[in-house]
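The sequence shown begins at -7 in this note's numbering and counts up by one.
So the structure is just underneath, and the comments pick up after that.
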Amino acid sequence: MGDAAREMLVGLLSAARLSVPDQVAALLADQGTALGADDVTLYLVDQEQYALVPVPATSDGSREPLNVEGTVAGRCFRQLDLQEANGGHEVWVPLLDGLERLGVVRFHFADVAERVDAVLLDAFATMVAEMVLVKDAYGDLFTLLRRRQPMSLAGEITWNLMPPLTFGTDRLVISCVLAPAYDVGGDCFDYAVDDTTARVAIFDAMGHGLDAGILATVAVAAYRHARRTGRDLGETVLDVDAAVRETFAGDQFVTGVVAELELATGRLSWHLAGHPGPLLLRGHRVVKIVDGEPGLPFGLGHVTGEQRPIRVMSLEPGDRVLLYSDGVTEARDASGEFFGVDRLADLIVRHTVSGAPAPETMRRLMHGILDHQDGALQDDATTMLVEWSTGGEQRITP
């Protein structure tokens, strides 16, 4: 690394400590000169993942959003690959937090000979991603830029409740989507991964709007509390049921899937609480619906200390488990035709065969569901794809 580049990285970190979100774009443009770039522009993906929205520098707010489909910037975002344009004068680099796709960074070089290598551009983009995540907690600029429609109060609660849409290691990828992005209320998901175990859940609260959002919040909080106090899967299920029942006096309920995956062995344990069974995809086909005996929805249990059924199966390397809410399969088009399980499985398999990374597969799935119902979902639609591997079977990094 040259002295100018080293100075830039140190200067970027130092300047970022005392900056607000609104200053980040101008800061990047200024520091990018050490990379040989005469312009650096940060683009964030919008809430529905249709467009890449520029973060304006203080001196220039004239750039327009770019479509994820049909543009060089969009190809960079979709494929997680560095892209060049205009004879190498323009370079696009994916903006990633782990595997969570935040957007892209555009570098413009007046003199291609002054360009630094791709490794340094990627390192710069990685630092930018960390800055975006940190600064997002202290201001609303990035959040507002990503919103292209008004967000409902229930949606505000839900999006602040959930973890990032995508997480990955060499043995696991979890990727999720949630729609309608601006008016979701009853659906949510959660996960936590440690060195030995991935714990995942999807919840679908009764009703819609603010009441459903509050109901889902109690379910997720109870799930996290049980998980963080060392409760096993069976105990966790009972704790969630008790929290919903005691808070809402048995008048409301939440359906859900709560599961645990042992990362070393692929042993999957799960409980269905009045919820559709996940799909197991192996290779390029759906092997089975992972169902079994369902329990009552959370909040409708009646006996303190009752046991709920926990099912177990063994995954093979490369297997994918798809969890989803009934708003996915029950989405109807203008003729009344359901989206259905077969179409859901077909979309996942088809996009996987095309070589799309897991988060891109899920983005396309979300848009397929929205297109089926002309963009106006009558119920929340949530999906979570869990890919298990012993290492090397899947593409997880740029």
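From the three backbone atoms N, C-alpha and C, an ideal C-beta is built for every residue, glycine too.
- A distance below 8 Å separates the beta carbons of Leu255 and Ala190.
- Segment contact: the segment 61 to 73 against the segment 84 to 96, three or more CB-CB distances shorter than 8 Å; contact assigned.
- Taking a cut-off of 8 Å on C-beta distances, the segment 74 to 81 does not touch the segment 43 to 50, as fewer than three cross pairs fall below it.
- Rounded to whole angstroms, the Cβ separation of His364 and Ala323 is 5 Å, and the two are in contact under 8 Å.
- For the set Val232, His81 and Leu87, the Cα lying nearest the Cα of Asp103 is the one of His81.
- Within a 10 Å sphere around the beta-carbon of Tyr130 sit fewer than 16 other beta-carbons, which makes this residue exposed.
- Taking a 10 Å sphere around the C-beta of Val2, we find fewer than 16 other C-beta atoms and assign the residue as exposed.
- Per DSSP, Thr247 is one residue of the beta strand (DSSP E) stretching across Val246 to Glu254.
- For Phe116, the enclosing alpha helix (DSSP H) stretches over residues Ala110 to Asp128.
- When the five nearest sequence neighbours on each side are left out, the beta carbons in the same chain lying within less than 6 Å of the beta carbon of Gly201 are those of Ala146 and Gly177, in order along the chain.
- Between Ala251 and the set Phe181, Ala17, Gln23 and Asp89, the nearest pair of CA atoms involves Phe181.
- By the C-beta criterion, the segment 142 to 160 is judged not to be in contact with the segment 275 to 290, since fewer than 3 inter-stretch pairs fall below 8 Å.
- Look at Thr344 here: in three-state DSSP terms it is helix.
- At least 8 Å separates the beta-carbon of Pro156 from that of Asp73.
- Look at His217 here: in three-state DSSP terms it is helix.
- Secondary structure at Ala241: coil, using DSSP grouped into helix, strand and coil.
- Within the model, the alpha-carbon separation for Thr375 versus Glu308 is close to 21 Å.
- Looking at the DSSP output, Ala17 bridges to nothing.
- When the alpha-carbon of Met198 is set against those of Ser54, Asp179, Gln15 and Leu339, the nearest one is in Asp179.
- Below 8 Å, enough C-beta pairs join the segment 308 to 319 and the segment 257 to 267 to call them touching: three or more.
- Looking at the backbone, the Cα of Asp162 and that of Ala184 are separated by about 16 Å.
- DSSP places Gly95 inside the beta strand (DSSP E), whose first and last residues are Glu92 to His100.
- Take the alpha-carbon of Val85 and the one of Ala21: they are about 15 Å apart.
- If you compare the alpha carbons of Thr209, Thr221, Val249 and Leu225 with that of Val236, the shortest gap goes to Thr209.
- By the neighbour-count criterion, in which 16 or more other beta carbons inside 10 Å mark a residue as buried, Arg138 falls on the buried side.
- Taking the CA atoms as reference points, Arg55 sits about 16 Å from Phe134.
- Here Leu10 is exposed, its C-beta having fewer than 16 other C-beta atoms within 10 Å.
- According to DSSP, Ala190 shares a beta bridge with Val185 and Leu253.
- Per the C-alpha coordinates, the member of Leu336, Leu253 and Glu379 positioned closest to Ala350 is Glu379.
- When C-alpha distances from Pro286 are compared across Leu273, Leu292, Gly293 and Gly269, the shortest belongs to Gly269.
- Collapsing the DSSP output to three states places Phe159 in a strand.
- Excluding five sequence positions before and after Ala7, the CB atoms of its chain that fall closer than 7 Å to its own CB belong to Leu19, given in chain order.
- Cβ-Cβ distances below 7 Å link Met154 to Cys180, Phe181 and Asp182 in the same chain, with the five nearest sequence neighbours on each side left out; the list follows chain order.
- Judged by DSSP secondary structure, Thr33 falls within the beta strand (DSSP E) whose first and last residues are Asp31 to Val37.
- In the three-state reduction of the DSSP assignment, Val176 falls in the coil class, being assigned neither a helical nor a strand state.
- DSSP, reduced to helix, strand and coil, places Gly310 outside both helices and strands of the structure shown, so it counts as coil.
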